[in-house]
Amino acid sequence: MLYSDKVMDHFEHPRNVGEIEHADGVGQVGNPKCGDIMKMYLKIDGDVITDVKFKTFGCGSAIATSSMATEMIKGKTIAEAMTLTNAAVAEALDGLPAYKMHCSVLAEEAIKAALADYYRRQGREVPEALRLPCEDEEHGCCSCGH
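Now the structure itself:
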């Protein structure tokens, strides 16, 4: 089978789909040329992510990785969410085909973009760990569309 049962479950029954009105942080990554766009919404109380929602335009793997990533950070502290990696998301889904690993990268980057937005809204400096690789480059990258 190409996709694990967990990937299929999160694709067919995605968790935390939608928007959060008055979100504390919103991050969007992706590029229409690549075909996948993810938008993450965070509600943060103190230092804890109390709610997280996503909207993803893309393939089944993009939807599944978005769903799993939200499940992995809900109820966690900002510091814990900052350490989420695409490999951890893929592993939690019992693996992804190699040509779909970019979806797990997008999920990680969408969360980091939402956390970075939270820091900016708070008037705080964005930690180095939340800066996307292309933020310091002239040329855009596929994953964040900059």
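Under our numbering, the letters of the sequence shown match residues 49 to 194, in that order. Glycine included, each C-beta is placed from N, C-alpha and C at the ideal position.
- In the structure shown, the three-state DSSP call for residue 85 is strand.
- For residue 73, the pairing in a beta bridge is given by DSSP as 90.
- Around the Cβ of residue 72, a 10 Å sphere holds 16 or more other Cβ atoms; the residue is buried.
- Residue 115 and residue 64 have their C-alpha atoms some 7 Å from each other.
- Around the Cβ of residue 156, a 10 Å sphere holds 16 or more other Cβ atoms; the residue is buried.
- Distance from the CA atom of residue 152 to the CA atom of residue 59, rounded to whole angstroms, is 13 Å.
- Straight through space, the alpha carbons of residue 53 and residue 96 are spaced by roughly 30 Å.
- Sequence-distant partners of residue 108 (beyond 5 residues in either direction) whose C-beta falls short of 6 Å from its own C-beta, in its chain, are 59.
- Rounded to whole angstroms, the separation of the alpha carbons of residue 77 and residue 126 is 19 Å.
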